[in-house]
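What follows is one structure encoded as structure tokens, with my remarks underneath.
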């Protein structure tokens with residue numbers, strides 16, 4: 060039975076995902092914070108890990124680096140509610156084999172373990188910079204994430220009127 064480390068601060072998602080992965084014959088070890096995950100990694104060398112990008116106590120990317128140092132054979136999929144191209148590229152560069160945005164189910168996470176190696180090879184061969192619209196969208200999403208979804212704070216940080224931010228968000232992502 061493969062061991063899988065599941066790290067996410069969203070208790071409901073973590074429990075639901077943990078049960079679904081256990082039903083698929085994984086030994087699931089859960090952690091809700093960065094510190095708890097680091098503690099688990101002191102005694103574990105899981106075959107797979109699913110790491111939330113943003114969690115209390117630290118960054119999922121920092122945790123990914125630690126997993127790669129302590130257990131280089133562990134295959135890691137990043138899970139996030141704030142998906143962006145920049146975050147996905149950073150995760151892949153740090154050694155993640157997949158990147159899934161929430162809401163996600165166990166099948167999507169498991170598919171990311173298998174589907175991404177070919178995609179990863181393609182991204183290392185040829186770099187395609189994001190369009191200006193994609194870069195703007197990603198930046199807005201990052202600022203919104205940093206502001207915990209508070210539109211007024213995000214608009215202030217972006218130095219644009221709140222209404223302009225609302226209009227930009229109503230448009231579909233590029």
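Numbering (this note's numbering), first residue to last: 60 to 233.
All C-beta atoms in this analysis are idealised placements derived from N, C-alpha and C, irrespective of residue type, glycine included.
Since the model is a prediction, treat every value here as computed from it, not as a measurement.
Helix, strand or coil at residue i [DSSP, three-state]
| i | result |
| --- | --- |
| residue 130 | coil |
| residue 84 | coil |
| residue 116 | coil |
| residue 153 | coil |
| residue 146 | helix |
| residue 229 | helix |
| residue 261 | Residue numbering for the chain in the displayed model covers 60 to 233; residue 261 lies beyond these limits and cannot be assessed. |
| residue 166 | helix |
| residue 173 | helix |
Cβ distance (whole Å) where residue i is taken to contact residue j below 8 angstroms
| i | j | result |
| --- | --- | --- |
| residue 171 | residue 76 | Not quite, the Cβ-Cβ distance comes to about 13 angstroms (not below 8 angstroms), so this is no contact. |
| residue 197 | residue 143 | 4 angstroms |
| residue 168 | residue 159 | 6 angstroms |
| residue 141 | residue 115 | The pair is not a contact, with the Cβ atoms about 15 angstroms apart (cut-off 8 angstroms). |
| residue 150 | residue 120 | 6 angstroms |
| residue 221 | residue 211 | 6 angstroms |
| residue 71 | residue 111 | Not really, about 13 angstroms apart at Cβ, beyond 8 angstroms. |
| residue 214 | residue 228 | Actually they do not touch by this definition, with Cβ atoms about 10 angstroms apart. |
Cross-strand partners of residue i (DSSP beta bridge)
| i | result |
| --- | --- |
| residue 160 | 139 |
| residue 63 | 87, 107 |
Chain-order list of residues whose beta-carbon lies under 8 angstroms from that of residue i (same chain, five-residue window excluded)
| i | result |
| --- | --- |
| residue 176 | Any reading at residue 176 must be qualified, since the residue scores a pLDDT of 49, below 50, and its modelled position is unreliable; the value itself is stated next. Excluding sequence neighbours, residue 176 sits near 156. |
| residue 65 | 73, 76, 77, 80, 87, 88, 89, 90, 108, 109 |
| residue 100 | 64, 125, 126, 129, 130 |
| residue 106 | 61, 62, 63, 132, 133, 134 |
Enclosing alpha helix (DSSP H) for residue i [first to last residue]
| i | result |
| --- | --- |
| residue 199 | 191 to 205 |
| residue 215 | 210 to 217 |
| residue 98 | 93 to 102 |
Contact set for residue i: own chain, Cβ-Cβ below 6 angstroms, skip 5 residues either direction
| i | result |
| --- | --- |
| residue 189 | 144 |
| residue 216 | 202 |
| residue 104 | 130 |
| residue 204 | 141 |
Close beta carbons around residue i, own chain, < 7 angstroms, minus the five adjacent residues each side
| i | result |
| --- | --- |
| residue 154 | 123, 127, 135 |
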